[in-house]
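Have a look at the structure below, then the notes.
In UniProt numbering, the protein residues as written are 1 to 380.
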């Protein structure tokens with residue numbers, strides 16, 4: 001941490017001192033944690049950003065969050081980046097009304113933004129709790145992950161866990177995340193997130209040196225038609241149909257059994273049961289699992305012209321948006337593809353039958369047609 005109390009109760013910041021002054025402070029002064037009041041040590045060196053640290057035996061919650069040298073350096077880097085742009089910025093201020101201490105607090109036009117640099121993996125519930133605390137105080141929470149948390153697989157795929165998904169944002173109808181590379185002094189924005197499985201998504205990646213990007217640009221991700229997405233989605237559908245995976249999780253095993261008992265095979269599911277519904281990013285089940293169940297339970301039993309009824313299903317959404325209505329979003333996509341007609345805000349009428357495919361060649365051809373239709377509508 002950058003701030004601590006001295007013996008007189010004055011809040012002190014180390015980054016204001018020269019190296020020689022720090023050495024003197026280390027030998028002659030005592031400092032105490034603003035949170036737990038434990039005695040702190042000073043860490044400083046030619047290659048170390050000066051900061052306070054707890055002793056190894058500490059039980060302080062700040063120490064248990066695992067704030068590393070990388071984290072401390074990144075915090076100072078963000079402070080300097082924002083300060084140079086003229087923002088009013090505080091380092092580690094204690095917000096007594098919510099009993100929280102963000103890494104940085106930015107104030108602009110009477111609006112407050114709490115900036116949290118998260119380099120260590122923590123329980124998603126901790127993220128949600130801190131996010132809710134800021135929001136209750138009228139403060140916008142901005143989570144930035146350390147570059148060590150970015151698991152990029154190939155040019156257009158990001159791997160993620162529930163922890164990462166608790167820090168997703170929604171800007172310009174696109175889901176996005178932020179990563180700070182402390183060593184390269186660069187910010188990576190990952191946007192146009194679209195879940196391809198429980199633990200991975202297709203996405204666009206953009207990296208900017210901090211000296212070339214200004215703070216407002218983070219909230220205006222550049223949009224593209226992202227055509228590689230469509231070919232990748234089609235390829236993934238092909239692999240799903242033609243490559244048998246023996247080892248799958250319990251949810252998928254139950255889904256396969258569900259289809260088997262109906263005399264159906266999972267490799268021949270309708271092409272519209274594997275669609276890129278954006279809010280499925282937050283689910284813990286694969287896209288084809290919940291979409292197949294929806295079609296079998298709520299769509300196929302209806303005759304053409306009937307109103308399709310289904311329960312409300314809300315899913316957790318981005319930090320800065322309310323929960324999404326998953327089934328409604330899916331129906332909107334089916335409407336774009338011509339399968340349903342919308343008569344009112346919350347009412348859809350079945351327009352065409354949907355069937356399981358008879359063989360793989362037929363399925364692959366229909367997959368290609370559906371993907372081309374999505375591309376034509378520029379769904380992303």
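We treat Cβ as the ideally placed atom computed from N, Cα and C, and that holds for glycine.
Values in this document were obtained by computation on a predicted structure and should not be read as measured data.
Per DSSP, the bridge partner or partners of residue i
i: residue 315; result: 324
i: residue 143; result: 116
i: residue 11; result: 5
i: residue 41; result: 53
i: residue 340; result: 350
i: residue 108; result: 111
i: residue 100; result: 95
i: residue 197; result: 200
Range covered by the alpha helix (DSSP H) that runs through residue i
i: residue 71; result: 69 to 84
i: residue 28; result: 19 to 28
i: residue 89; result: Taken as a continuous stretch (DSSP letters only), residue 89 belongs to no alpha helix (DSSP H), being part of the beta strand (DSSP E) at 88 to 91.
i: residue 375; result: 360 to 377
Residue i, enclosing beta strand (DSSP E) - first and last residue
i: residue 175; result: 174 to 181
i: residue 286; result: Taken as a continuous stretch (DSSP letters only), residue 286 belongs to no beta strand (DSSP E), as it is neither H nor E.
DSSP three-state assignment for residue i, whether helix, strand or coil
i: residue 247; result: coil
i: residue 240; result: helix
i: residue 187; result: strand
i: residue 296; result: helix
i: residue 345; result: coil
i: residue 131; result: helix
i: residue 202; result: strand
i: residue 265; result: coil
i: residue 235; result: helix
i: residue 208; result: strand
i: residue 136; result: helix
i: residue 151; result: strand
i: residue 161; result: coil
i: residue 95; result: strand
i: residue 156; result: coil
i: residue 166; result: coil
i: residue 31; result: strand
i: residue 308; result: strand
i: residue 275; result: coil
i: residue 402; result: The chain is shown from 1 up to 380; residue 402 falls before or after that span and cannot be answered.
Closest residue to residue i among the options (Cα-Cα distance)
i: residue 320; options: 122, 134 and 50; result: 134
i: residue 170; options: 137, 282 and 98; result: 282
i: residue 285; options: 152, 233 and 250; result: 250
i: residue 368; options: 277, 271 and 328; result: 271
i: residue 243; options: 268, 289, 84 and 304; result: 268
i: residue 280; options: 232, 56, 50 and 165; result: 165
i: residue 27; options: 11, 44 and 38; result: 44
i: residue 350; options: 360, 359 and 331; result: 331
i: residue 18; options: 39, 228 and 49; result: 49
i: residue 85; options: 222, 113, 118 and 211; result: 211
i: residue 146; options: 70, 315 and 278; result: 70
i: residue 60; options: 131, 37 and 120; result: 37
i: residue 335; options: 374, 312, 359 and 315; result: 374
i: residue 311; options: 299, 125 and 377; result: 299
i: residue 307; options: 8, 258, 339 and 347; result: 347
inquiry  = Assess contact between the region 349 to 369 and the region 216 to 223, defined as three or more Cβ pairs (one per stretch) separated by less than 8 Å. Is contact present?
reply    = no
query = Okay, do the region 340 to 353 and the region 288 to 296 touch, 3+ Cβ pairs below 8 Å being the bar?
reply = no
message = With three or more beta-carbon pairs closer than 8 Å as the criterion, would you say the region 74 to 81 touches the region 190 to 209?
response = no
query = Can you find at least 3 beta carbon pairs, one from the region 32 to 45 and one from the region 1 to 15, that sit closer than 8 Å?
reply = yes
request  = Report yes or no: do the region 314 to 330 and the region 359 to 370 share at least 3 C-beta pairs separated by less than 8 Å?
outcome  = no
query = Touching or not, the region 156 to 164 and the region 256 to 274, by the rule of three or more beta carbon pairs under 8 Å?
reply = no
Contact between the region 87 to 97 and the region 16 to 29 (3+ Cβ pairs under 8 Å) = no
request  = Please confirm if the region 175 to 189 is in contact with the region 124 to 139, defined as three or more CB-CB distances below 8 Å between the two stretches.
outcome  = no
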